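Chemist: Please see the structure below; I have some questions.
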Amino acid sequence: MDESGLIYGTNCLENDIQPQKEQLLFQYDPADVPSEMAGVMSSIKNLAEKMLFHWREFPIVLPASITDNDAEQTNAANGDANKEQPEKVTFRDVFIAPTFDELEEVARLPNGVQKKLNEKQLYCIWDNGEFEVDSIHFPGQTHKWHLSQLLQKGSKRSHETLLDDTALALRILLITARNRFHSHFFSLSEGIKSWARGLWKIFDIIIGMPSTTPGDLCGKLREEHMRYLVAELDIRQHSRKEFNRFCEYVKEKCKMLRTEKHKTADLRPPPIPYYYQTPQGLHIDLRLFNKDLINNCLPILSNIVDKESKSWHIQYRQKLVRELKAKGLSDKQINEEVNIAVMAEYLQRVYRAVLNNVELENLQHGIGQLLVAQAQSVLAMQKAVQKIQQKMVEHKDKLMEHLKVKYPVKSRIPAWKNEQLERFEEEFINQNLWSAHDIAVSLCEEQDLKQAVYFLRRDLNFIKEREPILRKELGKVKVPTRVFTFATKIWFPQHWLVVRQFRGDTEVVPTIIMNRVLSTGPAGKKEIDTYTVDKYMRRKTSTRYPMWRWWNYVHRTWAWMWNSMFFFLVVIPLFSPVSFRALFCVHPFKPDLELSQVDGVLYPKESYVVHTLISRLRLLWQNVHKSRADFEAAPHAGFLGKSFTRHLNRFWNFVLKGGFGSFLLVLVFPLLCIVTSGLSVFMALTAPVWMPVVTLLAHIGFFLVYDIDCPELSGNKILVLMEAILWHIVLQGCIQPVTALLFGVIICPLAAFFCLLFGTLRRAFRGLWDSVMFHTVIKSRGRIPASDGFIARRVAGPGLASNYFFQIKPEQSLAAIEAKLEFDELEAWKNNVLKVIEYPEEEYRKFVKQCFKPFSADICDDGVYKKLCSETTQYKTDLTNKVELRKRRLSTGLYPDLQRRIKLPEASLKKAIIQAATMLKEFYPYHVLRRLPISEQEFWEKQQLEVNDWKGLACKKLTEIFSKNFLVPLEETDNHFELKVEHLNFERYTDMLKYAEFHDDLDEITQMHIPAADVSIRPPFLDCGIFNPNQHLIPTARWDTPREKMCPWKKDHMPHVFDKLQIPLPIPHPASIALAIYNRENDQYPINFEDLYCQRIIKATKEVPYVDVGHLSSPELFELEPSTPDIGTFGEPINLLSHLAQQEASYFSDDNVGGVTGTSSPALDSNMTNSVQNSSVDEPDKDDAVEGHIVYEENERDSSCIIELREIANG
């Protein structure tokens, strides 16, 4: 050991360790070393022997055990050296779980005779078929035995069985029998409805019954709802200039883009006004609807929300728990109260942080107050909905309790209870239909949220007054479920319809036919104009009126007849390869025309040429001459030579190919043309005769095989006639009502009677059997059993339940703490000694590395180093063996199941914690902390405790020894057993508790470390979406689509809607509001919302970064920089729905209320020099074209018809 107290340069301060140091000796033969290296080798050897060493002796003396020496030292200090020493504590015997096998002792008397049942036990057997026996070793506990029903069931349990049998009989009468007369499945009423459906289906097959639908009623109501919320808003005076500038820009830009000669320009919309006012003068601030502004705020808000949720709520909630437990509240009430209080405190902290945040204030003045108001309004609406839902749940629970008390038999029928609950829900909803709005309005008024109150009242007025009227009015509008289109070919090309499309506008141009060759023209022209040609005349029918199938038959017959006549009278005789024209004409001809995209003129189609008889002969002989010329031009390289093969080639070309081919053409081709064209003409002339028959057969095939004209797109289309007759009329209309009537009148009453009779007889026989067995067997021969059997089985008692605990004494916990202290000291001491043992080996490796690493040399596991490693390993093994031996003596023998069950009462727990803290304070600094490789400050930081927080460290040690639940005090109501320890001396620990000083503030000093029992507190959390008015948090349930039921015999449970409060409210975007106000003020020259380019301008406006229009002086600022293609203004137009009474365009789109996040741009600085993000519009391409729903195809090329023009929005 050196002068500093360290062991030979190590960081170990173990005074008990006195190892004997000895230098290492290195031997080598100088004869094997070259003379030039002899000096170097000698120097290295001397240096190594001077620096390197090993432990010649390393005595391992473990630290003194505090559990062995304390008693001896105490007696010696008191002069009682000759006094008998107390028995040492064996820690493995401190915690020994008791055995619950006391059945033999419980069941037998001291003389070994089994105990008889007493009067109380016999009474319990008569009532419930079970009895209890008091435990001997566990006071207050009982063993419960359950008898087999073969011996005794009990009068109460037999009565419960009788009630169940009666409930089953009532269920058959009240539910099953009633449903056979009137229900949605297998009933008399359903049979009558099936007759009606079958007859309707037959009439629909024969003539076509009307089939209409109200359309997207929910979508229309949603659009009207959004419009009504902002119908009263007007522009504030200081924003009037910007409002006019924006509206004029939209109007002029739409007009400019529709101009034919104007080049497509980039969209650079000016900023829109976000400040509005109500007729009462209330200011409305809608800046949060700017996507760029809210996207810049969200990261800041996220940091605030995360920061404010840390480092305070644990202490705060523990304080609240203690205060509420002192008031005597239950755990459930404490959970509710503490969660509410913690969340309220958390919200106040978040609100203060948002209001005082400098980044938000620099981003936009006053934005913090607006964000807080938005969050408060959303939380108020959520709280209102939760209150109504909670109120409904509470009333349901009370109703169930009332039904069980008033109707003890009916309440056992699940179907009957569900019917009562449905009636209650309907009545509750009718009484609280607008309660959520009323509560939300009152909460917002308390917080002075005037803007939220205004929109909530508008929303409530719409739901109460406008929605029922609109629903009734819009429900009257019926649209056909299907529209059929029949296309007839236009015979003469000069009557074809040529349409020119230019930037979304369409124009019909004159049809011009040219005979010259199609010219390509300039490439730039094609990018501007697009031409299409329509060669068919289309007629439409629908399922709106009766007899629509016959109208389909007429139109189909007419279209098929004229199309077949065109095919047989024009196409085949005049334009086909086997036509009369191909027989008699000299030159080939081009029968088809194609449309030029350059000038919109019809030119002959070059790719389709029809050859005549003469042209075919000419081509044949041209091929013959070409073949002969190719043969003569080929070199003489054949096997037979050209003198011989020339004759064969002449025979093949002139005789077989030319002569025989010409013979076939002249003989067969005219006959084929005459026969084919003649038959085609005959078919065309007789088409009015046979085509109606073909169409009629097709219609018959529709309802016999597959119904193409089925009015319901999702309905059955296969064998519809068989479905109507066999399924609806025969099976459901005839067999079902007869069977249901038979079940309801005869089978169900008989089944109920037999169930009731069976239950009564079973109760009577059971009562007789129990009486006989009780008085003849149980009463006279009944004994307390000592083991389970088929007659009696133990169902409860000590050791059977899983939720029991063991109560220990504070002395036992202190013994475990003392063992833990010595264990920690031993572990720290072992780590230090290991460093000392390994020190010579580390120095050896360090020496070799420093000396020989430049020469790429390494240690060889041989010689002196091998001996050093073996010696180090032996010392480490000795150390480990001695330490493990001490650890085994300190082991308490606790296993996981026993650890989690050990607890202390509250008073004993507090005393144990205080004394454990005292023991840690006296022992840990010198015995453990000074031996650790880290500083004392780092140790406390690692434990997540304050410096010198010994009580906190004591709690941590106790949880390590036992479990986390050990700090939860043992309640009197807990099922627990005492964990007694015999033959062990705990006097020393008893003296510790006896002479320890416990202050009056015991609750205060332990408040940070003793948690509440069974109280689960949620950590505070806040979704940043509550600050964003564009993000839906709780969509209303009234737009939900019902799912298909899995069991058809179960009644559909329609969800009742009582929370018509959509969170947040579906307020439209300010751009749409501004244009709506403009149209209201300029009703003679309004802006067309349905225009394609108007919708794209509105979409581009939503992506423009927020600009404070008060700092802008000229509109030229908005033309500085073209937009980037990332804005995404190339989507399709928005789906628009109009009010039936007003017939004006709606200006709302789904993305106004959705949570769509656009590309965020940097925040504007104080100088407002950032350019406005723009959006560009190109020529409408195929994606922008008007789309339609393909319903029916009816022409020879199977081209689909478009029946419903809709413009669909992308966002």
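Following full-length UniProt numbering, the numbering of the sequence shown begins with 1 at its first residue and continues without gaps. Ideal Cβ placement from N, Cα and C applies to all residues, glycine included. Since we're looking at a predicted model, the values are computed, not measured.
Do you know how far the Cα of Q807 is from the Cα of A954?
Modeler: As a first step, residue 954 must be located in the sequence shown, where it is residue number 954. As a first step, residue 807 must be located in the sequence shown, where it is residue number 807. Taking the straight line joining both Cα atoms gives about 19 Å.
Chemist: Beta carbon of residue 1219, beta carbon of G368: below 7 Å?
Modeler: Any property of residue 1219 remains undetermined from this structure, which presents the chain solely from 1 to 1211.
Chemist: Are H437 and L1065 closer than 7 Å when you measure CB to CB?
Modeler: Position 437 of the sequence shown, counted from the first residue, corresponds to residue 437. Position 1065 of the sequence shown, counted from the first residue, corresponds to residue 1065. The answer is no: Cβ separation not under 7 Å.
Chemist: When burial is assigned at 16 or more other CB atoms within 10 Å of the CB, is residue 1218 buried or exposed?
Modeler: Residue 1218 is absent from the structure shown; the chain starts at 1 and stops at 1211.
Chemist: Provide the residue(s) that pair with F138 in DSSP beta bridges, ordered along the chain.
Modeler: Reading the sequence shown from its first residue, position 138 is the one you call residue 138. DSSP lists no partner for F138.
Chemist: Do G661 and L620 count as a contact pair if the criterion is CB distance below 7 Å?
Modeler: Taking the sequence shown and counting its residues from 1, the one referred to as residue 620 is at position 620. Taking the sequence shown and counting its residues from 1, the one referred to as residue 661 is at position 661. Cβ distance < 7 Å, so L620 and G661 count as in contact.
Chemist: C851: buried (16+ other C-beta within 10 angstroms of its C-beta) or exposed?
Modeler: Position 851 of the sequence shown, counted from the start, is the residue given in the question as residue 851. C851 comes out exposed.
Chemist: Can you name the residues that DSSP bridges to T539?
Modeler: Locating residue 539 in the sequence shown gives position 539, counting from the first residue. The question names Thr, yet the displayed sequence has Arg at residue 539. Note: R539 sits in a beta bridge opposite F486.
Chemist: Thinking just about the alpha-carbon of each residue, which of L672, S211, W496 is nearest to the one in I572?
Modeler: As a position in the sequence shown, residue 572 is number 572, starting the count at 1. The shortest Cα separation from I572 among L672, S211, W496 belongs to L672.
Chemist: Starting from K116, follow its DSSP beta bridges and name the residues at the other end.
Modeler: Translated into the one-based positions of the sequence shown, residue 116 becomes position 116. DSSP lists R783 as partners of K116.
Chemist: Start and end of the alpha helix (DSSP H) containing E632?
Modeler: For the purposes of this step, residue 632 is taken as residue 632 along the sequence shown, with counting starting at 1. Run containing E632: 613-633, per the alpha helix (DSSP H) assignment.
Chemist: Contact between the segment 440-451 and the segment 209-220 is defined here as three or more beta-carbon pairs at a separation below 8 Å; is this criterion met?
Modeler: Contact fails: fewer than three Cβ-Cβ distances are below 8 Å.
Chemist: Quick one: measure Cβ to Cβ for K253 and I1097, integer angstroms, because I've assumed they're closer than 8 Å.
Modeler: To locate residue 253, count along the sequence shown from 1; it is residue 253. To locate residue 1097, count along the sequence shown from 1; it is residue 1097. Rounded, the Cβ-Cβ distance is 6 Å, consistent with contact.
Chemist: For the beta strand (DSSP E) containing T530, name the first residue and the last one.
Modeler: The residue labelled residue 530 in the question sits at position 530 within the sequence shown. Taken as a continuous stretch (DSSP letters only), the beta strand (DSSP E) holding T530 covers 530-534.
Chemist: Quick one: is Q1031 buried, meaning 16 or more other Cβ sit within 10 Å of its Cβ, or exposed?
Modeler: Residue mapping note: residue 1031 aligns to position 1031 of the sequence shown, counting from 1. Its Cβ being crowded by 16 or more others within 10 Å, Q1031 is buried.
Chemist: Determine, using beta carbons only, whether N374 and F923 come nearer to each other than 7 Å.
Modeler: Position 374 of the sequence shown holds residue 374. Position 923 of the sequence shown holds residue 923. Rather than Asn, the amino acid found at residue 374 in this sequence is Gln. No; because the gap between Cβ atoms is not below 7 Å, this pair is not in contact.
Chemist: Give me, in chain order, the residues of the same chain whose beta-carbon lies closer than 6 Å to that of W416; leave out the 5 immediate sequence neighbours on both sides.
Modeler: If you number the sequence shown from 1, residue 416 lands on position 416. So the qualifying residues of the chain are K410.
Chemist: Roughly how many angstroms lie between the CA atoms of S677 and T481, to the nearest whole one?
Modeler: The residue given as residue 677 occupies position 677 in the sequence shown. The residue given as residue 481 occupies position 481 in the sequence shown. Computed Cα separation, rounded: 43 Å.
Chemist: Would you mind stating whether H143 and R793 have Cβ atoms separated by less than 7 Å?
Modeler: In the sequence shown, counting from the first residue as 1, residue 143 sits at position 143. In the sequence shown, counting from the first residue as 1, residue 793 sits at position 793. In this structure, R793 does not lie closer than 7 Å to H143 by Cβ.
Chemist: In terms of alpha-carbon separation, which member of A786, F1021, V883, V968 lies closest to V106?
Modeler: The sequence position of residue 106 within the sequence shown is 106, counting from 1. Comparing Cα-Cα distances from V106 to each of A786, F1021, V883, V968, the minimum goes to A786.
Chemist: Can you pull the DSSP bridge partners for F502?
Modeler: Within the sequence shown, the letter at position 502 stands for residue 502. Its beta-bridge partners are D505.
Chemist: From the DSSP output, read off the bridge partner residues of I718.
Modeler: Your numbering for residue 718 matches position 718 in the sequence shown. Paired residues: Y706.
Chemist: Between which two residues does the alpha helix (DSSP H) holding V409 run?
Modeler: For the purposes of this step, residue 409 is taken as the residue at position 409 of the sequence shown. Where V409 is concerned, there is no enclosing alpha helix (DSSP H), given that its DSSP letter is neither H nor E.
Chemist: Name the residue from L433, I207, E978, N831 whose alpha carbon lies nearest to the alpha carbon of P139.
Modeler: Within the sequence shown, residue 139 is the residue found at index 139, counting from 1. It is E978.
Chemist: Here's the rule: buried if 16 or more other CB atoms are within 10 angstroms of the residue's CB, otherwise exposed. What is residue 1221?
Modeler: The question about residue 1221 has no answer here: the residues shown for the chain are numbered 1 through 1211.
Chemist: From what residue to what residue does the beta strand (DSSP E) around residue 1237 run?
Modeler: Residue 1237 lies beyond the stretch modelled for the chain, which goes from 1 to 1211, so this question has no answer here.
Chemist: Taking C-beta to C-beta, are K744 and W195 nearer than 7 Å?
Modeler: Stepping through the sequence shown from its first residue, residue 744 is reached at position 744. Stepping through the sequence shown from its first residue, residue 195 is reached at position 195. Just to set this straight, residue 744 is Gly in the shown sequence, not Lys. No; because the gap between Cβ atoms is not below 7 Å, this pair is not in contact.
Chemist: Exposed or buried, V675, counting other C-beta atoms within 10 Å across all chains shown (16 or more means buried)?
Modeler: Within the sequence shown, numbered from 1, the residue matching residue 675 stands at position 675. Its Cβ having fewer than 16 others within 10 Å, V675 is exposed.
Chemist: So, at 6 Å on beta carbons, what are the nonlocal neighbours of K642 in its own chain, with the 5 sequence-adjacent residues on each side left out?
Modeler: The residue labelled residue 642 in the question sits at position 642 within the sequence shown. If we look at K642 and ignore the five residues flanking it on each side, its Cβ neighbours are H636.
Chemist: When you compare only the Cα positions, how much space is there between P210 and A487?
Modeler: The count along the sequence shown starts at 1 and reaches residue 210 at position 210. The count along the sequence shown starts at 1 and reaches residue 487 at position 487. Straight-line Cα distance between these residues: approximately 23 Å.
Chemist: Note the first and the last residue of the continuous alpha helix (DSSP H) segment covering Y276.
Modeler: Locating residue 276 in the sequence shown gives position 276, where the first residue counts as 1. Taken as a continuous stretch (DSSP letters only), Y276 belongs to no alpha helix (DSSP H), being part of the beta strand (DSSP E) at 275-277.
Chemist: Just the Cα atoms here: how many angstroms apart are H976 and L814?
Modeler: As a first step, residue 976 is located in the sequence shown; it is residue number 976 there, counting from the start. As a first step, residue 814 is located in the sequence shown; it is residue number 814 there, counting from the start. Spanning the two alpha carbons is a distance of roughly 21 Å.
Chemist: Identify whether K396 lies in helix, strand or coil by the three-state DSSP scheme.
Modeler: For the purposes of this step, residue 396 is taken as the residue at position 396 of the sequence shown. In this structure, K396 counts as helix in the three-state DSSP scheme.
Chemist: Are there 16 or more other CB atoms within 10 angstroms of the CB of R423, so buried, or fewer, so exposed?
Modeler: By 1-based counting over the sequence shown, the position of residue 423 is 423. Answer is exposed; the Cβ neighbour count stays below 16.
Chemist: For V609, count the other beta carbons within 10 Å of its own beta carbon; 16 or more makes it buried, fewer makes it exposed. Which is it?
Modeler: For this step, residue 609 is matched to residue 609 along the sequence shown. Per the 10 Å Cβ criterion, exposed.
Chemist: Closest to R889 by CA distance: which of V230, N46, V655, F91 is it?
Modeler: As a working note, residue 889 is residue 889 in the sequence shown. If we check each option's Cα against that of R889, F91 comes out closest.
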